[in-house]
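S.K.: Sharing a structure here in structure tokens format.
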Amino acid sequence: MELLRETRIFWRVNSSFKLTADQIRRFRDEGYITLDRISSDEEVARLREIFDRLFATAAGHDKGSHFDLAGTDEEGRPPVLPQIVNPVEFAPELADTEFRATALEIARQLLGPEAEPWFEHAILKPPGYGAPTPWHQDEAHRGDPGVEYEQLSIWMPLQEATLENGCMEFIPKSHRGQVLDHRSLRDDRRVMALECAGDFDRTKSVPCPLPPGGATVHHWRTLHHAGANTSNIPRRAYILAFRGKVTPDPTFEGYHWNIEKSTAAHGRRAAWENRGGVAGRAARGAKGLLSRVRGKVSRMLRP
Ligand code: NI
614 MELLRETRIF
624 WRVNSSFKLT
634 ADQIRRFRDE
644 GYITLDRISS
654 DEEVARLREI
664 FDRLFATAAG
674 HDKGSHFDLA
684 GTDEEGRPPV
694 LPQIVNPVEF
704 APELADTEFR
714 ATALEIARQL
724 LGPEAEPWFE
734 HAILKPPGYG
744 APTPWHQDEA
754 HRGDPGVEYE
764 QLSIWMPLQE
774 ATLENGCMEF
784 IPKSHRGQVL
794 DHRSLRDDRR
804 VMALECAGDF
814 DRTKSVPCPL
824 PPGGATVHHW
834 RTLHHAGANT
844 SNIPRRAYIL
854 AFRGKVTPDP
864 TFEGYHWNIE
874 KSTAAHGRRA
884 AWENRGGVAG
894 RAARGAKGLL
904 SRVRGKVSRM
914 LRP
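Using my numbering, read the sequence shown as starting at 614 and increasing by one per residue.
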């Protein structure tokens, strides 16, 4: 996704986490694995507080980083599936976590030593009305023609993830096929989420309930979805995406379902960039400060 590629943050690389040979084999064969524990209870509790603050303030909304994944994101309507892309931009304390260090170690064991952090996102399914995440392959979201690589995502719930609140569900071995046809959810190009429009057997779906601080790891071609949140607690998930070695591929020109998209978040992002992005904000801040100082000085000079 275009919105995601600007965060360069410090990564702690001191994890000694080792996948077993069986876990590595299952990832290759099935396209996903589950892990019981990837972060401590204390860290998960801390992340939960940070997430609640970020979503309560819709951090990154003006920049298009906070949006409704499953809705049209109209002003004044509560999002049914709020997402924040690269939440670490808005909460720098997310940079230094055991989760991040362990996830990088896992990515290197599955994608090779060249694996690098690619982007991250925070997803909230509000209690009672949090929308389902449609069936999709993450690879269908890519918008970077001319190159080839593999990607995986490490998905960690910040409370229990259950069938009732929208745990992840996968179609085993679906990563061995092609990228199937996708379209914007409900065929509405104002909606960010994609849904798979191709043919696959939904009865093969395997739900993956998890304890808080557990994780699923899935290949970007593995078909997956998550149900609605019908429980009375928020379902929060923190997802780190990594990519492997990048090679040129002039034959890949991008997917039409992404090129056609026209979301409110893209509009907010474009407006933010027109205002000068980070540099513009700093300049406006400096200008504001200067005029406040001038006002103060002129008031002091007044007889
Ligand atoms: Ni996905």
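We put the beta carbon where it would ideally sit given N, CA and C, even for glycine.
Determine whether the beta carbon atoms of Ile767 and Ala828 lie at a separation below 8 Å.
M.R.: Yes; because the gap between Cβ atoms is below 8 Å, this pair is in contact.
S.K.: Residue range of the alpha helix (DSSP H) that Glu643 falls in?
M.R.: Glu643 -> alpha helix (DSSP H) spans 634-643.
S.K.: Give me the pocket residues for the ligand NI, defined as CB within less than 6 Å of any heavy atom, sorted by chain position.
M.R.: Any residue whose Cβ sits closer than 6 Å to a heavy atom of the ligand NI makes the list: His749, Asp751, His837.
S.K.: May I have the straight-line CA-CA distance separating Glu688 from Lys631, to the nearest angstrom?
M.R.: Whole-angstrom Cα-Cα distance: 45 Å.
S.K.: According to DSSP, what are the bridge partners of Asn842?
M.R.: Paired residue(s): Gly743.
S.K.: Excluding the five sequence neighbours on either side, which residues of its own chain have a C-beta within less than 8 Å of the C-beta of Pro822, listed in chain order?
M.R.: Result list for Pro822: Glu773, Ala774, Thr775, Leu776, Cys780, in chain order.
S.K.: To which residues of the same chain is His795 closer than 8 Å at the C-beta, ignoring the five residues directly before and after it?
M.R.: Within the same chain, His795 has close Cβ partners His749, Gln750, Ala753, Leu807, Glu808, Cys809, Ala810, Gly811, Tyr868, Trp870.
S.K.: Measuring CB to CB, does Leu737 end up less than 8 Å from Pro847?
M.R.: For Leu737 and Pro847, yes; Cβs fall inside 8 Å.
S.K.: Does the Cβ of Pro692 have 16 or more other Cβ atoms within 10 Å, making it buried, or fewer, making it exposed?
M.R.: Result: buried.
S.K.: For the alpha helix (DSSP H) that contains Asp665, what are its first and last residues?
M.R.: That run of the alpha helix (DSSP H) goes 654-669.
S.K.: For Thr710, which residues in the same chain have their Cβ closer than 8 Å to its Cβ, ignoring the five residues on either side in sequence?
M.R.: Only Arg625, Ser652, Glu656, Leu660 meet the Cβ criterion.
S.K.: Closest to Thr876 by C-alpha separation, out of Thr670, Lys676, Thr633, His837, would be which residue?
M.R.: Per the Cα distances, Lys676.
S.K.: Could you pull out every residue in the same chain whose Cβ sits closer than 8 Å to the Cβ of Ile852, ignoring the five residues on either side in sequence?
M.R.: Answer for Ile852: Glu733, His734, Ala735, Ile736, Ser766, Ile767, Trp768, Met769, listed in chain order.
S.K.: With a threshold of 16 other CB atoms inside 10 Å of the CB of Val804, please say whether the residue is buried or exposed.
M.R.: By the 10 Å Cβ count, Val804 comes out buried.
S.K.: Cα separation between Ser844 and Pro739?
M.R.: So the alpha carbons of these two residues sit roughly 9 Å apart.
S.K.: Which same chain residues, not among the five before or five after Ile663, have their C-beta less than 6 Å away from its C-beta?
M.R.: Correct list, in chain order: Ala704.
S.K.: How would you call Val859, buried or exposed, if buried means at least 16 neighbouring beta carbons within 10 angstroms?
M.R.: Exposed, by the Cβ-count rule.
S.K.: With distances taken between CB atoms, is the gap from Gly857 to Glu718 smaller than 8 Å?
M.R.: Contact: no.
S.K.: Mapping the DSSP letters down to three states, classify Glu761 as helix, strand or coil.
M.R.: It is a strand residue.
S.K.: Hey, Glu866 and Pro758: beta-carbon distance below 8 Å or not?
M.R.: It is a contact, given that the beta carbons lie within the stated cut-off.
S.K.: With H, G and I counted as helix, E and B as strand and the rest as coil, what does DSSP make of Thr647?
M.R.: Residue state, collapsed to three classes: strand.
S.K.: Does DSSP put His679 in a helix, in a strand, or in coil?
M.R.: Three-state DSSP puts His679 in a strand.
S.K.: Helix, strand or coil for Glu672? Go by DSSP, reduced to three states.
M.R.: Here residue 672 is Ala; the residue named in the question, Glu, does not match the sequence. Three-state DSSP puts Ala672 in coil, outside helix and strand.
S.K.: Determine the DSSP secondary structure at Val701, reduced to helix, strand or coil.
M.R.: Helix, per DSSP.
S.K.: CA-CA distance, Phe797 and Ala878?
M.R.: Per the sequence shown, the amino acid found at residue 797 is Ser instead of Phe. About 14 Å.
S.K.: Cutting at 6 Å between CB atoms, please list the residues of its own chain near Leu793, excluding the five before and the five after it.
M.R.: Cβ within range, chain order: Cys809, Gly811.
S.K.: Rank Asp654, Asp635, Ala634, Arg881 by C-alpha distance to the C-alpha of Leu771 and give the top, closest one.
M.R.: Per the Cα distances, Asp654.
S.K.: When the distance is taken between beta carbons, is Phe855 closer than 8 Å to Pro726?
M.R.: It is not a contact, given that the beta carbons lie outside the stated cut-off.
S.K.: Just to check my reading of the structure: Leu723 and Phe640 have Cβ atoms closer than 8 Å, yes? What is that Cβ distance to the nearest angstrom?
M.R.: Contact holds; Cβ gap of about 6 Å.
S.K.: In its own chain, which residues sit with a C-beta less than 7 Å from the C-beta of Ala671, not counting the 5 before and 5 after it?
M.R.: Result list for Ala671: His679, in chain order.
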